[in-house]
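Student:
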Amino acid sequence: MNKETQIIVCVGAGGVGKTTVSGMLGLNAARKGQKVLVITIDPAKRLLDALGIEEMAHMPIRVDLKKFQISVGELYAFMPDLKREWMDFLLSSIKVSDALHKISENHFYRYMVDGLPGSLEIICSHILHRLVNENNYDVIILDTPPASNSVSFFDVPNKLIRVLEHSTFQFIIKQRHGVVSKLTRTFAFFSSGLLEKTLEKIIGSHFLSEVIDFALTIDAMYEPMLERARAMEALLKSPKTHFVLVARPSRASVNDSTNLQSLLKERGIFCRQLIMNQVFFYPRTEIALERKALARTKENIGKRTEKIVDVFEKECVYQQELISQLREVFKDSDCRILFLLKNSEHDLMTEMLSDYNQE
1149 MNKETQIIVC
1159 VGAGGVGKTT
1169 VSGMLGLNAA
1179 RKGQKVLVIT
1189 IDPAKRLLDA
1199 LGIEEMAHMP
1209 IRVDLKKFQI
1219 SVGELYAFMP
1229 DLKREWMDFL
1239 LSSIKVSDAL
1249 HKISENHFYR
1259 YMVDGLPGSL
1269 EIICSHILHR
1279 LVNENNYDVI
1289 ILDTPPASNS
1299 VSFFDVPNKL
1309 IRVLEHSTFQ
1319 FIIKQRHGVV
1329 SKLTRTFAFF
1339 SSGLLEKTLE
1349 KIIGSHFLSE
1359 VIDFALTIDA
1369 MYEPMLERAR
1379 AMEALLKSPK
1389 THFVLVARPS
1399 RASVNDSTNL
1409 QSLLKERGIF
1419 CRQLIMNQVF
1429 FYPRTEIALE
1439 RKALARTKEN
1449 IGKRTEKIVD
1459 VFEKECVYQQ
1469 ELISQLREVF
1479 KDSDCRILFL
1489 LKNSEHDLMT
1499 EMLSDYNQE
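When we follow my numbering, the leftmost residue of the sequence shown carries the number 1149, and every step to the right adds one.
#1: Taking just the CA atoms, how far does V1157 sit from K1385?
#2: Indicate whether L1230 and L1223 have their beta-carbon atoms separated by less than 9 Å.
#3: In this structure, does DSSP put Q1154 in helix, strand or coil?
#4: Are the Cβ atoms of G1171 and R1396 separated by less than 9 Å?
#5: Who does F1391 pair with in a DSSP beta bridge?
#6: From the DSSP secondary-structure annotation, give me the bridge partner or partners of F1487.
#7: If contact is defined by three or more beta carbon pairs under 8 Å, each pair taking one atom from either stretch, is the region 1404-1415 in contact with the region 1181-1193?
#8: Is the CB of R1376 under 9 Å away from at least one CB in chain C?
#9: State the DSSP-derived secondary structure class of T1188, mapped to helix, strand or coil.
#10: Does DSSP classify V1164 as helix, strand or coil?
#11: When the distance is taken between beta carbons, is I1218 closer than 9 Å to A1178?
#12: Apart from the five residues on each side of it in sequence, which residues of its chain come closer than 7 Å, Cβ to Cβ, to E1469?
#13: Quick one, which of V1184, R1232, F1237 has its alpha-carbon nearest V1211's?
#14: Grab the span of the beta strand (DSSP E) containing E1202 for me, first residue to last.
#15: Considering just the uninterrupted stretch of the beta strand (DSSP E) at D1291, what are its terminal residues?
#16: Could you spell out the range, first to last residue, of the alpha helix (DSSP H) harbouring L1412?
#17: Mind checking T1463: buried by the 16 CB within 10 Å criterion, or exposed?
#18: Return the bridge partner residues of F1237 from the DSSP annotation.
#19: With distance defined between alpha-carbon atoms, name the residue in F1237, V1427, G1163, K1455 nearest to R1514.
#20: Thinking just about the alpha-carbon of each residue, which of L1501, I1155, R1420, P1431 is nearest to the one in V1280?
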C-alpha cells in the first residue's frame, strides 16, 4: 500500500447514517487541504444527495466545496458501477481475449456479479486495491456495503486466502484438465467427504461449491483472486487504515455496536473512533425555562405541550444513558457526538462538521 494514502473504513449497522457520516468525514479531511475520495456502494444515492451531486458517480466526481464554505482541499465522490468494476477486474487480470470472452459469458460469473454472497466484498477489495495503487488521493474513505454484514466484509479476504491456498483446493486446480478434471468436478459437487470436511468449515458449503466451479471453469482468475485477497488482507491490517464505527442512541444500535466491537476485536481490528449520530440536542436550561412558562398557562394546548416537553426530556436522558454505556464499551476510542437536525442536506453537513470538531 502506498505510504501516503490513508484509508478510513466506516462500519456499523444499517440505518445509523453511516453514508452521510462518510461524506462528512470526507469534507473534514478536505478542509485540511487533503485530496479525498469517498466511496459508497449504497444504491440509494444518499452520499450524492448529501454532497450536492445530481449526476451518478460511476467515476469519481469532484464535489463543489464552496457549497460548504470550504476553500481548500479536494473532495471526490464515487458510487461504483459494480458490473463495470467486475469487468475491469477481468481486464486487469486476463490478457487473452478468448479467455475474457469465456469468462464474461460464464453463468457463474453473471451470478457472482449479480450478488453471490461474498462477491460484493471481493469487488470492494478490488476497488480499494486499484485506487490505492493509482496513488491519486491522500485519503480514501469507504462506506461499507449496506447489504453486507460488517463482519463479513473483514472475513471474506481471509476466507478466500484460506480456501485458495488449501492443499485440497490447489490439487483440484492442478488437475483441472482432462479426465481427472471431470472426476474432480463431480467430487467437488456431489461428495460429502474430504472437501466438505476440510473446506466447508472454512467458507460454507454453498460458497465453496460455487468458488470451486468458478476456478475449474475459468482458472485464469485463480491467481488474480488470490492476489486481491492477500492485498485486501494486508490493507485491513495496515496501520494506515483506520476504522470508524457509526451508531445511534437506540437500544438496538447499542446492542449491535457492542456485538460488532467484540467481533472486530476477535479479528484484531481496533475502532479508532466511535461516532454517535442522530442524537437529540438536550438543552437542559432551555427545557427548564420552557416547562416553567408552560406550567403558568391554563390553556389546554399549553398543558399538552408540557407533556411533549416531558417526553422529549425523558428521551434525551435515555439517549445520554445509552451513549454512556457505549462510551464504556469503546473506552479506548475517540467518541464524537453528532446531533439530529432537520435542515437541508447542505446545512446538515455543515452542522455535522461543526459537531464533529467540537470534541
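Quick reminder that beta carbons are idealized off the backbone N, C-alpha and C, glycines included. These numbers were taken from a predicted model, which means no experiment stands behind them.
Tutor: This is what the structure gives:
#1: 12 Å
#2: no
#3: strand
#4: no
#5: V1157, C1419
#6: V1427
#7: no
#8: Structure shown: chain C not included; a single protein chain is present.
#9: strand
#10: coil
#11: yes
#12: none
#13: V1184
#14: Neither: E1202 is in no beta strand (DSSP E) and is coded neither H nor E.
#15: 1287-1291
#16: 1399-1414
#17: Checking the displayed sequence, the identity of residue 1463 turns out to be Glu instead of Thr. The residue is exposed, with fewer than 16 neighbouring Cβ atoms inside 10 Å.
#18: Its beta-bridge partners do not exist; DSSP assigns none.
#19: Past the boundaries of the shown model lies residue 1514; the chain is included only from 1149 to 1507, so the question cannot be answered.
#20: I1155
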